[in-house]
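For the protein sequence lines, the chains are D and U, in the order given. Going by the numbering used here, the first residue of the first sequence is number 1, and it counts up by one from there. Going by the numbering used here, the first residue of the second sequence is number 239, and it counts up by one from there. Beta carbons are placed, not taken as given, at the ideal position from N, Cα and C, and that holds for glycine. Treat the numbers as computed from the prediction; the structure is a model and nothing was measured. Notes to accompany the following structure.
Number of protein chains: 2
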Amino acid sequence: MATTQLEALPEPKYWHLKTALSEALDSEFTVGQILPNERDLAARYGVARATLRQALEQLELEGRLQRRRGVGTTVSPPRVGVDVSPAPDRWPGEPGDAWQTESASCPAAPAQIAQLLGLAAGDSVHAVRRTRAAHSQPVATELVYVPTRELPAGQEAEAILATLHLRDLKGQERTVELGSAKAEDARLLDRLPGAPVLVVTTRYLTEQGTAAVTVATYRADTCRLTFGDSGAMRLLAG
Amino acid sequence: MATTQLEALPEPKYWHLKTALSEALDSEFTVGQILPNERDLAARYGVARATLRQALEQLELEGRLQRRRGVGTTVSPPRVGVDVSPAPDRWPGEPGDAWQTESASCPAAPAQIAQLLGLAAGDSVHAVRRTRAAHSQPVATELVYVPTRELPAGQEAEAILATLHLRDLKGQERTVELGSAKAEDARLLDRLPGAPVLVVTTRYLTEQGTAAVTVATYRADTCRLTFGDSGAMRLLAG
DNA sequence: GAAGGGAATTGGTCTTGACCAAGTTGACAG
DNA sequence: CTGTCAACTTGGTCAAGACCAATTCCCTTC
């Protein structure tokens, strides 16, 4: 990482800086390595620390870097592919890193969830919080919502998931969008509040209606969602 | 939007500010309305403009706001749902807002694309650029890559897409991840370079191998990707 | 009335400098 | 040797101010 001169600028400085850093990352650094601290880096490139940080933020957003207060900025490994394929005959629970149930509660349904479940706002739902890791790093946290009236009384969280696991599903409706981590999610994902996350909302449909809704938030910086639905496609084609 | 007092802060100021603004957005503003300019807003909340901008940036990331230089900050409509369901028997081209072909070229394959197509880096591919709009606003731009050797010589872009439209596909492999808009994409999407985008990469598989690869970038602030695969699921279940 | 050319307005970029908070390190006491 | 705590390092937050660039708008000019 030489003290490169930032060329003339029709484009903003942080943009060139980002490019320069990106190239340096490819050629002079290895995964896990710690970069010089922000004050030194800024001085080295002859920019203000705020400008340097703007470039680093973009690179972090792209999953190239990971910054930790008190520690430093490290080079990230390539994003991990997380399989979120729809599976008609089973509850998600892909091979490899599986969901780990954290806790269960029985709150009033948030408005958005109630709507997706076809309930009135405030109706009681059973909520299960679970998280998912890859390479021993948390990558996702999920809330599973099931209408309380659909469940036998006193049903345990594990049993609930097992019940739904076996339920005959008609289909799933799924959306993916960008969000920013709420305080609770951020804590579980080892990120700061507001960190970019991919929010996957799924409705599990049966003949009777919506059996459950899950809202999963994936760390946008460390993972790539894969939909390997060639299996289903093959079945349809054959 | 009263001059609210920012309460005590275990959490950072911009976080409270974001919350306050978010609530004001819900209660005191309507879609399309222009907010006061940044300098006034900052003064009104008693913070530096940089802090105010940090809050606005988060709200823009969440799709609540839209900022335009020289114009102002406006309240965004809810995100538009864009259907990106896998379709086994046809090339994507959903009802409603369709893809519009922009241009075609025949460059050397970028390394990543070549790998996905099973080609050597630098092999010739045919690339078609097309964009997609919703409510008269651009929401996505896509590059379609097809190996040149798979095509009849002199094939026009439209014909290429039509050919693939009819091709018998074995399946699709698809990934979704967060990215930042490159200069070209940003221009087509009417955003600044570096704007957050959802990148959907799809491999179209035939019995012979990979027939094509598409890389579609969706504006992360204005759209939500929907995978309404209940149709396929229903077929499988029946 | 239409066309052209400045202002004025607004968000975008950049700087300097300060302080806060999380994490690490190492000296010191037990 | 071990536990504790203080100093230090690092990224995170915040401020105040300056200038740049895209857009709009109005005034002038033809």
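Cβ neighbours of PHE267 of chain U in the same chain (closer than 6 Å, five flanking residues each side left out): VAL313
Cβ-Cβ distance between THR210 of chain D and LEU143 of chain D below 8 Å: no
For THR464 of chain U and ASP321 of chain U, believed in contact at Cβ under 8 Å, the rounded distance: 5 Å
Short Cβ contact (8 Å threshold) for PRO385 of chain U with LEU355 of chain U: yes
Rounded separation between ARG64 of chain D and LYS420 of chain U - CA only: 16 Å
Cβ pair count under 8 Å reaching 3, the segment 50-64 of chain D against the segment 15-29 of chain D: yes
Ordered list of beta strand (DSSP E) runs contained in the segment 256-319 of chain U, each at least 3 residues: 303-306, 310-313
Straight-line gap, ALA108 of chain D to GLU102 of chain D (C-alpha atoms, nearest Å): 19 Å
Backbone CA spacing between ASP428 of chain U and THR369 of chain U [nearest angstrom]: 12 Å
THR141 of chain D burial status per 10 Å Cβ neighbour count (16 or more: buried): buried
DSSP-derived helix/strand/coil call for GLU177 of chain D: strand
Segments of 3+ residues assigned as beta strand (DSSP E) that fall wholly inside the segment 106-152 of chain D: 125-134, 137-147
Buried versus exposed, by CB contacts within 10 Å (16 or more), VAL366 of chain U: buried
With 16 other Cβ atoms within 10 Å as the buried cut-off, status of GLU261 of chain U: exposed
Proximal residues to THR311 of chain U (C-beta, below 6 Å), its chain only, five neighbours per side dropped: LEU273, LEU303, ARG305
TYR185 of chain D and VAL197 of chain D closer than 8 Å at C-beta: According to the sequence displayed, residue 185 of chain D carries Asp and not Tyr. Cβ atoms of ASP185 of chain D and VAL197 of chain D: closer than 8 Å.
Nearest-angstrom Cα separation, counted from LEU192 of chain D out to GLN100 of chain D: 22 Å
Residues near LEU47 of chain D in its chain [Cβ-Cβ closer than 7 Å; skip 5 each side]: What sits at residue 47 of chain D in the sequence shown is Val, not Leu. Excluding positions up to five away in sequence, the list reads LYS13, LEU17.
Range of the contiguous alpha helix (DSSP H) that encloses ALA183 of chain D: 183-189
Local conformation of PRO330 of chain U per DSSP, three classes: At PRO330 of chain U the pLDDT is 44, less than 50, meaning the model places this residue with poor confidence; the figure from the coordinates comes in the next sentence. Three-state result, PRO330 of chain U: coil.
Reference ARG224 of chain D, options D:ARG69, D:ARG149, D:LEU41, D:ALA134, closest by Cα: D:ALA134
Cutoff 8 Å: THR175 of chain D Cβ touching any chain U Cβ: yes
CB contact check: ALA458 of chain U to chain D, cutoff 8 Å: yes
With 16 other Cβ atoms within 10 Å as the buried cut-off, status of GLY194 of chain D: buried
C-alpha gap between VAL318 of chain U and ALA220 of chain D, whole angstroms: 20 Å
Any chain U beta carbon closer than 8 Å to GLN264 of chain D: Coverage of chain D is limited to positions 1 through 238, which leaves residue 264 of chain D absent and any answer about it impossible.
Under 9 Å by beta carbon: chain U residues contacting GLU62 of chain D: LEU416, GLY417, SER418
Chain U residues whose Cβ lies nearer than 7 Å to that of THR19 of chain D: Ordered by position in chain U, no residue passes the 7 Å Cβ test against THR19 of chain D, which lies about 11 Å from the chain.
SER418 of chain U and LEU61 of chain D closer than 8 Å at C-beta: yes
C-alpha gap between GLN410 of chain U and ARG282 of chain U, whole angstroms: 52 Å
Of the residues D:TYR145, D:THR19, D:SER85, the one placed nearest GLN112 of chain D, counting alpha carbons only: D:TYR145
Interface positions of the segment 422-456 of chain U facing chain D (Cβ-Cβ less than 7 Å), listed along the chain: PRO431, GLY432, PRO434, LEU436, LEU443
Counted within 10 angstroms of its Cβ, other Cβ atoms place ARG69 of chain D as buried (16 or more) or exposed: exposed
Contacts of PHE29 of chain D in chain U (Cβ-Cβ under 7 Å): Ordered by position in chain U, no residue passes the 7 Å Cβ test against PHE29 of chain D, which lies about 19 Å from the chain.
TYR218 of chain D beta carbon less than 8 Å from that of VAL125 of chain D: no
Residues of its chain near ALA42 of chain D, where Cβ-Cβ distance is below 6 Å and the 5 sequence neighbours each way are ignored: ARG49, LEU52
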